[in-house]
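Participant:
Following this line, the structure appears as structure tokens:
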């Protein structure tokens with residue numbers, strides 16, 4: 782199975798650390814990268830500004846997206862990704878603390894690929910990451926593979 786970049790957009794430093802450690806604990810070999818908000822996410826995906834060099838900012842095979850971020854939140858970032866013909870095929874898994882039905886409905890309506898309520902414990906995050914690995918990284922065939 783190919784190893785590709787996973788790009789995680791999350792503004793919370795503690796959540797980024799927990800995500801990184803859960804990936805390490807789960808022994809997932811994929812290249813995990815982080816951006817801090819929707820603006821940086823779109824810059825990365827569009828190869829703009831500090832992300833212009835593809836060797837330093839490889840196109841991700843999967844995006845993990847928090848909804849509640851400053852500058853440009855995950856809802857608007859997801860809408861822009863799914864409206865852009867050059868980006869819309871990248872699978873986007875929303876992983877956020879919100880369990881509001883309005884958020885779940887919105888994400889699927891505009892083309893989000895999965896919705897996960899972010900676990901609050903490290904053990905819960907490890908389990909979520911392992912399930913994400915089993916499905917998105919092992920079972921499914923993604924674009925470009």
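In this note's numbering, the protein residues as written are 782 to 926. A virtual CB, placed ideally from N, CA and C, is assigned to each residue, including glycine.
DSSP beta-bridge partners for residue 814?
Facilitator: Its beta-bridge partners are 788.
Participant: Under 8 Å: do the stretch 857-872 and the stretch 821-828 share three or more Cβ pairs, one atom per stretch?
Facilitator: The stretch 857-872 vs the stretch 821-828: in contact.
Participant: Quick one: what does DSSP say residue 830 is sitting in, helix, strand or coil?
Facilitator: Residue 830 falls in the helix class under three-state DSSP.
Participant: Can you find the residues in the same chain that come closer than 7 Å, C-beta to C-beta, to residue 801, ignoring five residues on each side of it along the sequence?
Facilitator: Answer for residue 801: 813, listed in chain order.
Participant: Just to confirm the assignment, what range does the alpha helix (DSSP H) spanning residue 862 have?
Facilitator: Element bounds for residue 862: 855-864.
Participant: Assign residue 924 to one of two classes, buried (16 or more other C-beta atoms within 10 Å of its C-beta) or exposed (fewer than that).
Facilitator: Classification of residue 924: exposed, given that the 10 Å Cβ count is below 16.
Participant: So, for residue 807: in the same chain, excluding its five sequence neighbours on each side, which residues have a beta-carbon less than 7 Å away from its beta-carbon?
Facilitator: Excluding positions up to five away in sequence, the list reads 907, 910, 911, 914.
Participant: Would you tell me roughly how many angstroms separate the C-alpha atoms of residue 852 and residue 878, rounded to the nearest one?
Facilitator: Looking at the two C-alpha atoms, the distance is approximately 18 Å.
Participant: At 4 residues or longer, and completely inside the stretch 869-923: list those alpha helix (DSSP H) runs for me, N to C.
Facilitator: With a minimum length of 4 residues, the continuous alpha helix (DSSP H) runs that stay inside the stretch 869-923 are 882-890, 903-913.
Participant: For the alpha helix (DSSP H) containing residue 798, list its first residue and its last residue.
Facilitator: From DSSP, the alpha helix (DSSP H) with residue 798 extends over 794-806.
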